[in-house]
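Residue numbers (this note's numbering): 8 to 139. Note that the Cβ used here is the ideal one computed from N, Cα and C, for glycine as well. Remember, it's a predicted structure, so these values are computed and weren't measured experimentally.
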């Protein structure tokens, strides 16, 4: 039934969508029946947002999720080795009415850069631990 459009905020240099105020502003301007959301856990955390609150507030917009982890300083970490409450993210997303079931793992840590194949294997095991 056509193309579904969704916004994917980022925390990279010069982003326009970083913290909760930015998210609130953009979502107040977008019709939720026309534009969904692809939350990226790493970028939400780097924006110093309360993950559960942000996901819950905008849960009706969630289409799928980019799972990524960061350490307490906001540096990329292997999934499950940082501060992201991945189990809670999966719980909230799974209950979202427009969630399509996709959890996309993104890995930007130095560990993954050094051993990409090993990072994929580790992340697969981590996700199995979450029942996914």
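Bridge-paired residues (DSSP) for residue i
i           : result
residue 72  : 110
residue 13  : 43
residue 139 : DSSP, once it has assigned bridges, lists no residue as partnering residue 139.
residue 84  : 76
Length of the line joining the Cα atoms of residue i and residue j
i          : j           : result
residue 94 : residue 137 : 6 Å
residue 67 : residue 128 : 32 Å
residue 39 : residue 12  : 10 Å
residue 9  : residue 42  : 13 Å
Buried versus exposed, by CB contacts within 10 Å (16 or more), residue i
i           : result
residue 50  : buried
residue 117 : exposed
residue 18  : buried
Same chain, Cβ closer than 8 Å to residue i, five either side skipped, listed in chain order
i           : result
residue 126 : 85, 114, 116, 118, 119
residue 110 : 71, 72, 74, 97, 100, 134, 139
Sequence-distant residues of the same chain with beta carbon closer than 7 Å to residue i, five excluded per side
i          : result
residue 79 : 90
residue 53 : 18, 77, 81
residue 61 : 27, 30, 51
Could you give the uninterrupted runs of the alpha helix (DSSP H) lying entirely in the region 17-70, keeping only those of 4 residues or more? Annotation: the region 17-70 contains the following complete segments of the alpha helix (DSSP H) (minimum length 4 residues), in chain order: 27-36, 48-53, 58-64.
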